[in-house]
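Asker: With the working numbering applied, the sequence shown corresponds to residues 467 to 669, in that order.
Dropping the structure in here first, questions after.
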Amino acid sequence: MNAKETPTAPEPGLRERKKLRTLRTIRREAYRLFAAQGYEATTVDQIADAAEVSPSTFFRYFPTKEDVVLDDEYDPALVEALRSRPPGEPIIESIRHALTDSLGRLLAADHDELLLRTRLGFTDPAIRARSWDELQRSQDVVAAVISERTGRDPEDLDVHCAAAALIAVSTAVVRHWVQRDGKVDLIALYDRQFALLAEGLRF
467 MNAKETPTAP
477 EPGLRERKKL
487 RTLRTIRREA
497 YRLFAAQGYE
507 ATTVDQIADA
517 AEVSPSTFFR
527 YFPTKEDVVL
537 DDEYDPALVE
547 ALRSRPPGEP
557 IIESIRHALT
567 DSLGRLLAAD
577 HDELLLRTRL
587 GFTDPAIRAR
597 SWDELQRSQD
607 VVAAVISERT
617 GRDPEDLDVH
627 CAAAALIAVS
637 TAVVRHWVQR
647 DGKVDLIALY
657 DRQFALLAEG
667 LRF
């Protein structure tokens, strides 16, 4: 195998595919109900019934109703996209391209769901209270990839401050997008703001 080649991940087995299908069904039905009757008015029992699973099955996938909103596949998608960027590319460019590429696919597939879950993250008290921990986790994920790509110490404060800056810009961009009801070009917003950030942040 060429040193630059990445091993192909094995295809998930039948059991894993069924679990993923169930998770996505629960999430899809939850968001359908959130959109129709509001987050607070929607119960776990209603979500489970709509997804044709038992409440106990719901809780095997999502420990709380808030986790339907907070638990997502975005960080792994971003890490995968980052690791596919060319070696030696400035980290801000790698992150800008990785984020906009992966986000573009998510927007194409789930624009309305992404808008709803993001709005809930800013407006619902219970979700907002837990969002801080999720932001810290995302910051740590980005810091780990920056460390990996640049060879810097994972505990380097520069690395963590760079990750914090990227997460802060991302949060501001997404808030702007939500406040405009998702009717502005999110990818263009990220491109502009990351370009401005790159003027003062280089690795």
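Heads up, the beta-carbon is just placed ideally off N, CA and C, and yes, glycines get one too.
Please classify Thr589 as buried or exposed, where buried requires at least 16 neighbouring CB atoms within 10 angstroms.
Answerer: Within the sequence shown, numbered from 1, the residue matching residue 589 stands at position 123. Counting Cβ neighbours within 10 Å, Thr589 comes out exposed, since fewer than 16 surround it.
Asker: Please state whether the Cβ-Cβ distance between His642 and Leu655 is less than 8 Å.
Answerer: Along the sequence shown, read from residue 1 onward, the residue named residue 642 stands at position 176. Along the sequence shown, read from residue 1 onward, the residue named residue 655 stands at position 189. Yes.
Asker: In three-state DSSP terms, what is Lys485?
Answerer: For the purposes of this step, residue 485 is taken as residue 19 along the sequence shown, with counting starting at 1. Lys485 falls in the helix class under three-state DSSP.
Asker: For Ala609, which residues of its own chain have a beta-carbon under 6 Å away from its beta-carbon, when the five flanking residues on both sides are left out?
Answerer: As a first step, residue 609 must be located in the sequence shown, where it is residue number 143. Here the set comprises Val625, His626, Ala629.
Asker: Classify Gly617 as helix, strand or coil using the three-state DSSP reduction.
Answerer: Counted from its first residue, the sequence shown places residue 617 at position 151. Three-state DSSP puts Gly617 in coil, outside helix and strand.
Asker: Could you pull out every residue in the same chain whose Cβ sits closer than 8 Å to the Cβ of Thr637, ignoring the five residues on either side in sequence?
Answerer: The residue labelled residue 637 in the question sits at position 171 within the sequence shown. Excluding sequence neighbours, Thr637 sits near Leu601.
Asker: Could you check which residue in Gly554, Arg493, Arg615, Thr566 has the C-alpha nearest to that of Ala516?
Answerer: On the sequence shown, position 50 is the one that residue 516 refers to. Checked all of Gly554, Arg493, Arg615, Thr566; the closest Cα to Ala516 is Arg493.
Asker: Where Ala496 and Ala543 are concerned, what is the direct C-alpha to C-alpha distance, given to the nearest angstrom?
Answerer: To locate residue 496, count along the sequence shown from 1; it is residue 30. To locate residue 543, count along the sequence shown from 1; it is residue 77. Near 22 Å, if we compare the C-alpha coordinates of Ala543 and Ala496.
Asker: Are the beta-carbon atoms belonging to Phe525 and Ile513 less than 8 Å from one another?
Answerer: What you label residue 525 is simply residue 59 of the sequence shown in a count that begins at 1. What you label residue 513 is simply residue 47 of the sequence shown in a count that begins at 1. In this structure, Ile513 does not lie closer than 8 Å to Phe525 by Cβ.
Asker: I want to know whether the segment 611-623 touches the segment 643-651 - three or more CB-CB distances under 8 Å.
Answerer: Contact fails: fewer than three Cβ-Cβ distances are below 8 Å.
Asker: Skipping 5 residues on each side, what residues in its chain have a beta carbon closer than 6 Å to that of Arg583?
Answerer: Position 117 of the sequence shown, counted from the start, is the residue given in the question as residue 583. Excluding positions up to five away in sequence, the list reads Val535.
Asker: Could you tell me which whole alpha helix (DSSP H) segments of length 4 or greater appear in the segment 577-651?
Answerer: Whole alpha helix (DSSP H) segments, 4+ residues: 591-616, 623-645.
Asker: Please report how far the alpha carbon of Val671 lies from the alpha carbon of Arg549, in whole angstroms.
Answerer: The chain is shown only over 467 to 669; residue 671 falls outside these bounds and no answer can be derived.
Asker: Please report the straight-line C-alpha distance between His577 and Thr566, rounded to a whole angstrom.
Answerer: In the sequence shown, residue 577 corresponds to position 111, counting from 1. In the sequence shown, residue 566 corresponds to position 100, counting from 1. Cα-Cα distance, rounded: 14 Å.
Asker: For Thr472, does the count of other Cβ atoms within 10 angstroms reach 16, so buried, or fall short, so exposed?
Answerer: Working through the sequence shown from its first residue, we reach residue 472 at position 6. The predicted model places Thr472 with a pLDDT of 42, which falls under 50 and marks its position as unreliable, so this point remains unresolved.
Asker: Can you tell me whether Asp538 is helix, strand or coil according to DSSP?
Answerer: As a first step, residue 538 is located in the sequence shown; it is residue number 72 there, counting from the start. Three-state DSSP puts Asp538 in coil, outside helix and strand.
Asker: Assign Ala547 to one of three DSSP states: helix, strand, or coil.
Answerer: Here residue 547 corresponds to residue number 81 of the sequence shown, with the count starting at 1. Residue state, collapsed to three classes: helix.
Asker: What three-state label does DSSP hand Ala501 in the structure shown?
Answerer: Counting from 1 along the sequence shown, the entry for residue 501 is found at position 35. Helix at Ala501.
Asker: Taking C-alpha atoms, which residue in Gly479, Leu632, Val640 lies nearest to Ile557?
Answerer: Locating residue 557 in the sequence shown gives position 91, where the first residue counts as 1. Among Gly479, Leu632, Val640, the Cα nearest to that of Ile557 is on Leu632.
Asker: Here's the rule I'm using: 16 or more other beta-carbon atoms within 10 Å means buried, otherwise exposed. How should Thr509 be labelled?
Answerer: Walking along the sequence shown from the start, residue 509 turns up at place 43. Under this definition Thr509 is an exposed residue.
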